[in-house]
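Below you'll find the structure, written out as structure tokens, and then a few comments.
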Amino acid sequence: MTAQARDQIADRIAAELGHSFEGELVAGGNYIPVVRDGRTLYTSGQVPRVGTTVVVTGRVGDQVPLGKAREAAQICTLRCLVLLRRELGSLDGIEKVLRVGVFVQCTADFTQQSEVADAASELLHRVFGEAGVHVRTAVGVHALPKNASVELEMTVAAKSDAGRSS
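The sequence shown lines up with residues 28 to 193 when you count with my numbering.
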């Protein structure tokens with residue numbers, strides 16, 4: 028799969044969701060959105076923010092149905108991919124998605140955190156094929172920043188020369 032293909036697939040998924048991630052993805056505090064340690068890149072947790080608006084808020088299992096929470100997970104995933112693409116120049120710079128952590132703001136009796144996280148995993152498989160298959164944690168939490176329904180973080184392995192100046 029070529030860089031153009033991965034980048035185009037991610038752009039197409041964003042368009043299917045009706046969102047654009049052009050412009051700056053602003054960090055909401057004193058941290059950076061991506062840290063690189065050798066070939067390993069870690070993203071900060073991303074909420075389903077488009078522009079300046081968190082578009083899916085509230086507690087899953089109460090105000091937010093499962094389908095909307097899955098959409099939130101996809102938006103979070105796309106935000107991570109935008110950050111990684113900017114860091115590496117292209118999604119082709121990613122050799123393997125290693126880990127995804129998904130946090131779902133939910134009611135005490137909601138037990139479908141894994142189904143919410145599946146939306147992110149399915150998106151990553153769609154963009155990267157087998158290189159998008161990863162280990163994952165999906166947990167329910169009482170609250171998330173900005174009342175976001177979902178927050179997601181990602182760890183990836185970059186190709187050895189990805190994003191490095193020659």
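For glycine and all other residues, C-beta sits at the position ideal for the given N, C-alpha and C.
According to DSSP, simplified to helix, strand and coil, what is residue i?
{"i": "Lys186", "result": "coil"}
{"i": "Ala32", "result": "helix"}
{"i": "Phe137", "result": "coil"}
{"i": "Phe130", "result": "strand"}
{"i": "Leu179", "result": "strand"}
{"i": "Leu125", "result": "strand"}
{"i": "Val87", "result": "strand"}
{"i": "Ser193", "result": "Because Ser193 sits at a pLDDT of 40, beneath the cut-off of 50, its placement in the model cannot be relied upon, and the following sentence gives the value as read from the coordinates. Three-state result, Ser193: coil."}
{"i": "Val154", "result": "helix"}
{"i": "Val143", "result": "helix"}
Please name the residue, chosen from the options, that lies closest to residue i on a Cα-to-Cα basis.
{"i": "Glu49", "options": "Arg86, Val74, Val109", "result": "Val109"}
{"i": "Met181", "options": "Arg153, Leu171, Ser148", "result": "Ser148"}
{"i": "Arg86", "options": "Glu98, Val131, Ser141, Glu178", "result": "Val131"}
{"i": "Gly78", "options": "Leu105, Gly156, Gly65", "result": "Leu105"}
{"i": "Leu44", "options": "Gln90, Gly65, Ala99, Asn57", "result": "Ala99"}
{"i": "Ser187", "options": "Asp64, Ala37, His46, Asp34", "result": "Asp64"}
{"i": "Leu52", "options": "Arg66, Ala37, Thr80, Asp38", "result": "Thr80"}
{"i": "Ala144", "options": "Asp38, Ala32, Leu111, Gly167", "result": "Gly167"}
Buried or exposed: where does residue i fall if 16 or more other Cβ atoms within 10 Å of its Cβ makes it buried?
{"i": "Gly88", "result": "buried"}
{"i": "Pro75", "result": "buried"}
{"i": "Ile59", "result": "exposed"}
{"i": "Gly94", "result": "exposed"}
{"i": "Ala189", "result": "buried"}
{"i": "Gln35", "result": "exposed"}
{"i": "Ala146", "result": "buried"}
{"i": "Thr84", "result": "buried"}
{"i": "Gly55", "result": "exposed"}
{"i": "Glu157", "result": "exposed"}
Could you please give the first and the last residue of the uninterrupted beta strand (DSSP E) stretch that includes residue i?
{"i": "Ala165", "result": "162 to 168"}
{"i": "Leu68", "result": "67 to 70"}
{"i": "Asp64", "result": "61 to 64"}
Quick one: give me the first and last residue of the alpha helix (DSSP H) that residue i is part of.
{"i": "Val109", "result": "93 to 115"}
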